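K.L.:
Going from the sequence shown to my numbering is simple: count from 1 and add 74. For every residue, glycine included, the Cβ atom is placed at its ideal position computed from N, Cα and C. Since this is a predicted model, take the numbers as computed values, not measurements. Let me begin by handing over the structure; questions about it come next.
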Amino acid sequence: MTVLVPMEQHEFEDFRRSSVNQFARSSIKAGLCDDDDALSFAENQFSRLLPNGIDTPGHYISNIVCPDNGDAVGVMWFAVEPQGRNGCAYVYDISVSEKHRRQGYAQQAFAEMESIVRTLGMNRIDLHVFAWNAGAIELYKKMGFEVTGMNMTRRLDKP
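Next comes the structure, spelled out in structure tokens:
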């Protein structure tokens with residue numbers, strides 16, 4: 075079973091850099107911003123969400139660790155959001171390294187997160203997934219996530 079291990083301060087800067095770059099690329103692909111603006115857009119979002127970095131209250135940033143050998147195989151970042159009747163946990167990032175994908179690590183990380191979320195008195199987990207990310211959508215549906223809304227866009231610069 076995968077283990078979520080809180081990230082250490084010395085690991086955070088690599089996570090931050092990787093997460094910002096990935097979000098910038100995803101934002102371009104989703105049409106949220108142009109290539110020229112993507113990095114600053116992603117940096118601003120990240121800084122807004124984690125103003126105190128790894129020490130931002132209510133945020134949980136963990137390495138996904140394989141207990142068999144202690145190797146970090148990915149990262150999970152979620153936060154406790156007070157909205158709604160009992161509040162919810164919101165997943166900001168889940169990432170499993172390329173060579174460890176499709177081996178159950180993400181599902182195991184979500185199972186452990188669910189236990190943490192229940193302990194915190196929450197009864198819901200929310201997340202956003204980009205529409206082009208078919209693999210993630212498939213995984214989330216398999217784990218029982220339901221679509222609760224949909225963003226749509228029409229690019230006026232394309233026929």
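In chain order, which continuous runs of the beta strand (DSSP E) of length 3 or greater are located wholly inside the stretch 167 to 227?
P.N.:
Segments of the beta strand (DSSP E) lying fully in the stretch 167 to 227: 199 to 201.
K.L.:
How about I102: is its C-beta nearer than 9 angstroms to some C-beta of chain C?
P.N.:
Looking for chain C here will not work: only one protein chain is present.
K.L.:
From R192 to E220, what does the alpha carbon distance come to, in whole angstroms?
P.N.:
Each residue's alpha carbon lies about 19 angstroms from the other.
K.L.:
Per DSSP, G148 forms a beta bridge with which residues?
P.N.:
DSSP lists I138 and V170 as partners of G148.
K.L.:
Check whether the Cβ atoms of V139 and S171 lie closer than 9 angstroms to each other.
P.N.:
For V139 and S171, no; Cβs fall outside 9 angstroms.
K.L.:
Just to confirm my understanding: we take V77, look at its own chain, exclude 5 residues before and 5 after, and list those with CB closer than 6 angstroms. What are they?
P.N.:
Cβ within range, chain order: V139 and P141.
K.L.:
Are the stretch 95 to 102 and the stretch 122 to 134 in contact at 8 angstroms, needing three or more beta carbon pairs?
P.N.:
No: the two stretches stay apart, fewer than three of their Cβ pairs being nearer than 8 angstroms.
K.L.:
Counting Cβ pairs, one atom from each stretch, are 3 or more of them under 8 angstroms apart for the stretch 185 to 201 and the stretch 77 to 89?
P.N.:
Touching, yes, given that three or more Cβ pairs across the two stretches are closer than 8 angstroms.
K.L.:
Look at the alpha carbon of I168 and the alpha carbon of N118, and state the distance between them as a whole number of angstroms.
P.N.:
Approximately 19 angstroms, taken between the alpha carbons.
K.L.:
Could you name each continuous beta strand (DSSP E) segment of 3 residues or more that falls completely within the stretch 90 to 139, going from the start of the chain to the end?
P.N.:
133 to 139, all fully within the stretch 90 to 139.
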